Amino acid sequence: MNLWLGFLIGLKEIWAHKFRSFLTMSGVILGVASLLSMFSLTAGMAKGMREYMQQVGGIERVGINTQEVPAEEEGYWEISPGRTVADAEIIARSAPLVSHVTPVSQINNAAIQRTNQTFRGEVAGCWPDFIPINKHTVAAGRGLSDLDVERGLRVCVIGRLAVQKLWPERPKDDPIGETIRINDRPFKVVGVFEYYEREEDKRRRELGAKAPPVNRLSSRPGGGGGGIGGGRGGGRFSPFERKNLTVIIPISTMFWEFKSANMVGKEDQGPQLKLDALTFQVADTNRFEETLEQVHSLIETTHRGIHDFTFDTRQEWFDAIEQNVRNTRMSGGLIAGISLLVGGIGITNIMLASITERIREIGVRRAVGAKGRDIFVQIVVESAVIGVIGGLLGLVASTGIMQILIAISPEANAPVVELDSVLISFGFAVVIGVFSGIYPAWKASRLDPIEALRYG
Amino acid sequence: MPLIELRDVTRRYLIGEQEILALNGINLDIAQGEYASIIGPSGSGKSTLMHLLGCLDTPSSGTMHIDGIDVSRASGNRLAELRNAKIGFVFQNFNLLPKLTVLQNVELPMIYSGISAQERNKRALHAIERVELMNRIKNTPLQLSGGQMQRVAIARALVNRPKIIFADEPTGNLDSKTGATILQMFRELSEEGSTIVLVTHDNKIAAETPRRIEIRDGRIVEDALTEAAFA
Ligand SMILES: Nc1ncnc2c1ncn2[C@@H]1O[C@H](COP(=O)(O)OP(=O)(O)OP(=O)(O)O)[C@@H](O)[C@H]1O
Ligand SMILES: [Mg+2]
Numbered sequence: 288m289n290l291w292l293g294f295l296i297g298l299k300e301i302w303a304h305k306f307r308s309f310l311t312m313s314g315v316i317l318g319v320a321s322l323l324s325m326f327s328l329t330a331g332m333a334k335g336m337r338e339y340m341q342q343v344g345g346i347e348r349v350g351i352n353t354q355e356v357p358a359e360e361e362g363y364w365e366i367s368p369g370r371t372v373a374d375a376e377i378i379a380r381s382a383p384l385v386s387h388v389t390p391v392s393q394i395n396n397a398a399i400q401r402t403n404q405t406f407r408g409e410v411a412g413c414w415p416d417f418i419p420i421n422k423h424t425v426a427a428g429r430g431l432s433d434l435d436v437e438r439g440l441r442v443c444v445i446g447r448l449a450v451q452k453l454w455p456e457r458p459k460d461d462p463i464g465e466t467i468r469i470n471d472r473p474f475k476v477v478g479v480f481e482y483y484e485r486e487e488d489k490r491r492r493e494l495g496a497k498a499p500p501v502n503r504l505s506s507r508p509g510g511g512g513g514g515i516g517g518g519r520g521g522g523r524f525s526p527f528e529r530k531n532l533t534v535i536i537p538i539s540t541m542f543w544e545f546k547s548a549n550m551v552g553k554e555d556q557g558p559q560l561k562l563d564a565l566t567f568q569v570a571d572t573n574r575f576e577e578t579l580e581q582v583h584s585l586i587e588t589t590h591r592g593i594h595d596f597t598f599d600t601r602q603e604w605f606d607a608i609e610q611n612v613r614n615t616r617m618s619g620g621l622i623a624g625i626s627l628l629v630g631g632i633g634i635t636n637i638m639l640a641s642i643t644e645r646i647r648e649i650g651v652r653r654a655v656g657a658k659g660r661d662i663f664v665q666i667v668v669e670s671a672v673i674g675v676i677g678g679l680l681g682l683v684a685s686t687g688i689m690q691i692l693i694a695i696s697p698e699a700n701a702p703v704v705e706l707d708s709v710l711i712s713f714g715f716a717v718v719i720g721v722f723s724g725i726y727p728a729w730k731a732s733r734l735d736p737i738e739a740l741r742y743g
Numbered sequence: 010m011p012l013i014e015l016r017d018v019t020r021r022y023l024i025g026e027q028e029i030l031a032l033n034g035i036n037l038d039i040a041q042g043e044y045a046s047i048i049g050p051s052g053s054g055k056s057t058l059m060h061l062l063g064c065l066d067t068p069s070s071g072t073m074h075i076d077g078i079d080v081s082r083a084s085g086n087r088l089a090e091l092r093n094a095k096i097g098f099v100f101q102n103f104n105l106l107p108k109l110t111v112l113q114n115v116e117l118p119m120i121y122s123g124i125s126a127q128e129r130n131k132r133a134l135h136a137i138e139r140v141e142l143m144n145r146i147k148n149t150p151l152q153l154s155g156g157q158m159q160r161v162a163i164a165r166a167l168v169n170r171p172k173i174i175f176a177d178e179p180t181g182n183l184d185s186k187t188g189a190t191i192l193q194m195f196r197e198l199s200e201e202g203s204t205i206v207l208v209t210h211d212n213k214i215a216a217e218t219p220r221r222i223e224i225r226d227g228r229i230v231e232d233a234l235t236e237a238a239f240a
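As they're listed, the protein sequences go chains A and B.
Our numbering puts the first residue of the first sequence at 288, with every later residue one more than the last.
Our numbering puts the first residue of the second sequence at 10, with every later residue one more than the last.
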């Protein structure tokens, strides 16, 4: 007997007991629906997280942090100059595996002012490479240039949110060439960064379905989830807000104007100033470790062998996030899987009842030449058909569930239905269908033909 | 060589500690084209013998050959193949599948012999024509009379062109008039060359078959030609 015929017989059998079959399927339907919904929800979360990770510089961004020196170097740690511009320079010069590097010296609570508008925020002195390392994009005007740094010019590039705070009356304009004051020193705005937001918000905004970003930003409560822990109601990531508030100036200007360094141009005129941050970008993430070693040996030299520095990579952090996504998926999958298993037990149960009703039929089929395995195949196929139909209905049901989820949480990381998840959920239902049929089918295939014929 | 050959066949049943010897030393040859009846009182072992002859069961001891094939120790799968290819059954209670149509019931044996759907249909229609039920092919068994159901069963038994047809009390559930038409049909089939063995406990029916095999307590007590053989 071929499978197609078995499939048709199965369909007929199910149709003959519509209501009973539907009740049996409901477990599978719910299981598949929850499995797919859960996959799609976590996929949406993961997508949001990855977008965010990319926005904050991606895996390729590495910071060089200070750390307490090891005990054996305790006595003479002072011979190390600490993190200085010289570190950045030697990396820029001698580390081919590094694509970008920038020293950062910052003021955390600078007064940023234009006529009567003031806000307090972070101002970073840096090199032009700050922009690619932190995945900034200049939307209007220009970024910092080497010349700005060399000459210590009083220029700045500012984020869209800073523009909005300083020019509330025309938040969408690009105030290139205008002057703002940072801690009472005049700075010329030479560039404005792009407005950073989640891809999805951007798409929605571009479709015109939502109000322009400026209005949204002011009306939106800061922070909130969005991440794994944040749940579906989560608003905007505060880091996006922080990124949109960025104000950068040349590092030389920072030293000269605010840190009273003995520097003229890039010439070191005295003991070097310590940096607040030193970040670089790995050119090829496949050679990540190699790159770190290269930088390590360079910094070891400039720090005169003192190990007062450490690398701050996002590897662990990103791994943790990915792990989180996986865990959520696993536990959600487990629960949905269990409900599918329960559905499978329902199928087994109904198939056992069904073969008891059909002992005579089985006897007749055996008498006219069916082998045990023909009976086995027939029952398993029938059970698999329940799984297949239940799975298909489950997929339909899950689109309904996701519509509801999207409707009640419009700001959530929208569920992403991936083909993989659809196939896995559906495949699982089919597998459950097949496995549920095995025991009843085995029982049916072992019935003695004579006894089966005599039955009832 | 006979079509069926049984030598010293026994069939034992164990019920708890007690052993029942349902068949006790059966020697029997049935030749191609024969029309025979097996008769005996209730519990004499008729059905047990039928099940052996029909490859639904195997002997506890002794040997049995069908068409030259030793089936005494054949596996379940082998027996199924033999039933499918060489044997047709007609039962007292018809044993049709109530959810299938007449046509589908008749097609059933061919599903298990790997015959194409087209060929199945052709052969099933041919067999149904033979039992004169062409106007009922779309009906289900429950919409038919007893005699019609038994004719469907006969068509099903014929459809794989078996070597031999076994009928266990084929008229047992029918009134005498309907039963007579069924017996008439067996007679015709026999005249056309089919080998038929039917089980009955009715002497009148047994007298109509050319050969009459009587068993009692699991033994053949008489095996002789009847007047019908010379008619
Ligand atoms: N599966 C079984 N288990 C135990 N004993 C059995 C079994 N089948 C038949 N028997 C016994 O074997 C003997 C022969 O039974 P069988 O059914 O062959 O009789 P029969 O001649 O067909 O009777 P009837 O005319 O009533 O149909 C009986 O004693 C019966 O009880
Ligand atoms: Mg009997």
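Glycine included, each C-beta is placed from N, C-alpha and C at the ideal position.
Since we're looking at a predicted model, the values are computed, not measured.
Given that residue i touches chain B, what residues does it touch there, using C-beta distances under 7 Å?
{"i": "Val664 of chain A", "result": "Residues of chain B passing the Cβ test: none, with the nearest at roughly 11 Å."}
{"i": "Asp278 of chain A", "result": "With chain A running from 288 to 743 in the structure shown, residue 278 of chain A is simply not present."}
{"i": "Leu734 of chain A", "result": "Neighbours of Leu734 of chain A on chain B: none; closest Cβ ~11 Å, over 7 Å."}
{"i": "Leu740 of chain A", "result": "Asn104"}
{"i": "Glu648 of chain A", "result": "Leu106"}
So with CB distances below 8 Å, who are the chain A contacts of residue i?
{"i": "Phe98 of chain B", "result": "Ala654, Val655"}
{"i": "His210 of chain B", "result": "The contacting residues do not exist; His210 of chain B stays about 17 Å from chain A at best."}
Among the options, which one has its Cα closest to the Cα of residue i?
{"i": "Gly227 of chain B", "options": "B:Glu26, B:Asn36, B:Glu14, B:Pro11", "result": "B:Asn36"}
{"i": "Gly369 of chain A", "options": "A:Ala358, A:Gly677, A:Gln354, A:Glu359", "result": "A:Gln354"}
{"i": "Ile47 of chain B", "options": "B:Val208, B:Lys172, B:Leu106, B:Met119", "result": "B:Val208"}
{"i": "Ile316 of chain A", "options": "A:Glu338, A:Val391, A:Ser712, A:Arg647", "result": "A:Ser712"}
{"i": "Thr643 of chain A", "options": "A:Phe598, A:Leu621, A:Ala701, A:Gly743", "result": "A:Gly743"}
{"i": "Glu138 of chain B", "options": "B:Leu167, B:Thr149, B:Leu58", "result": "B:Leu167"}
{"i": "Asn573 of chain A", "options": "A:Arg645, A:Val385, A:Glu409", "result": "A:Val385"}
{"i": "Asn114 of chain B", "options": "B:Asp66, B:Gln159, B:Asp177, B:Met194", "result": "B:Gln159"}
{"i": "Leu112 of chain B", "options": "B:His135, B:Tyr121, B:Ser125, B:Asn104", "result": "B:His135"}
{"i": "Val388 of chain A", "options": "A:Gly656, A:Ile586, A:Trp729", "result": "A:Ile586"}
{"i": "Ile378 of chain A", "options": "A:His583, A:Lys730, A:Trp291", "result": "A:His583"}
Using a Cβ-based criterion (distance less than 6 Å to any ligand heavy atom), does residue i qualify as near ligand 2?
{"i": "Ser56 of chain B", "result": "yes"}
Residue i versus chain A: which residues are under 7 Å apart at the beta carbon?
{"i": "Asp66 of chain B", "result": "Ile737"}
{"i": "Leu134 of chain B", "result": "Ordered by position in chain A, no residue passes the 7 Å Cβ test against Leu134 of chain B, which lies about 18 Å from the chain."}
{"i": "Asn93 of chain B", "result": "Val655, Gly656"}
{"i": "His60 of chain B", "result": "Ile737"}
Hey, is residue i close to ligand 1, as in C-beta under 6 Å from one of its heavy atoms?
{"i": "Tyr726 of chain A", "result": "no"}
{"i": "Tyr22 of chain B", "result": "yes"}
{"i": "Pro31 of chain B", "result": "Note that residue 31 of chain B corresponds to Ala in the displayed sequence, not to Pro. Yes; taking the cut-off as 6 Å, the Cβ of Ala31 of chain B has a heavy atom of ligand 1 nearer than that."}
{"i": "Ser53 of chain B", "result": "yes"}
What does residue i reach in chain B if we use C-beta pairs closer than 8 Å?
{"i": "Leu310 of chain A", "result": "Under the 8 Å cutoff, chain B gives no residues; its nearest Cβ is about 20 Å from Leu310 of chain A."}
{"i": "Val651 of chain A", "result": "Asn104, Leu105, Leu106, Leu117"}
{"i": "Lys658 of chain A", "result": "Gly85, Asn86, Ala89, Glu90, Tyr121"}
{"i": "Glu644 of chain A", "result": "Ordered by position in chain B, no residue passes the 8 Å Cβ test against Glu644 of chain A, which lies about 11 Å from the chain."}
{"i": "Glu669 of chain A", "result": "Those do not exist, as Glu669 of chain A stays about 13 Å from chain B at its closest Cβ, beyond 8 Å."}
Our contact map puts residue i next to residue j with C-beta atoms below 8 Å; I'd like the distance itself, whole angstroms only.
{"i": "Leu453 of chain A", "j": "Ile467 of chain A", "result": "6 Å"}
{"i": "Asn403 of chain A", "j": "Asp599 of chain A", "result": "Rounded, the Cβ-Cβ distance is 40 Å, inconsistent with contact."}
{"i": "Gly412 of chain A", "j": "Ile536 of chain A", "result": "5 Å"}
{"i": "Arg733 of chain A", "j": "Ile346 of chain A", "result": "At roughly 58 Å, the Cβ-Cβ gap does not stay under 8 Å, so Arg733 of chain A and Ile346 of chain A are not in contact."}
{"i": "Phe474 of chain A", "j": "Arg441 of chain A", "result": "5 Å"}
Can you list the residues of chain A that residue i reaches, using a CB-CB cut of under 9 Å?
{"i": "Arg21 of chain B", "result": "Correct list: empty, because the minimum Cβ distance to chain A is about 15 Å."}
{"i": "Arg165 of chain B", "result": "Val655"}
At a CB-CB cut-off below 9 Å, which residues of chain B make contact with residue i?
{"i": "Ala303 of chain A", "result": "Lys108"}
query = Does the pairing of the region 629 to 638 of chain A with the region 77 to 88 of chain B give three or more beta-carbon distances under 8 Å?
reply = no
The region 611 to 630 of chain A contacting the region 312 to 328 of chain A, beta-carbon criterion three pairs below 8 Å = yes
request  = Check whether the region 185 to 203 of chain B touches the region 21 to 39 of chain B, taking contact to mean three or more Cβ pairs, one atom from each stretch, closer than 8 Å.
outcome  = no
Three CB pairs or more closer than 8 Å across the region 536 to 547 of chain A and the region 469 to 481 of chain A = yes
ask   = Is the number of C-beta pairs between the region 605 to 613 of chain A and the region 376 to 385 of chain A that are closer than 8 Å three or more?
value = no
task = Please determine if the region 434 to 450 of chain A and the region 561 to 570 of chain A are in contact, where contact requires at least 3 C-beta pairs separated by less than 8 Å.
result = no
message = Taking 8 Å as the cut-off, does the region 138 to 152 of chain B touch the region 172 to 186 of chain B (at least 3 CB pairs, one atom from each stretch)?
response = No: the two stretches stay apart, fewer than three of their Cβ pairs being nearer than 8 Å.
query = Do the region 707 to 722 of chain A and the region 646 to 661 of chain A make contact, defined as three or more Cβ pairs closer than 8 Å?
reply = No contact exists between the region 707 to 722 of chain A and the region 646 to 661 of chain A.
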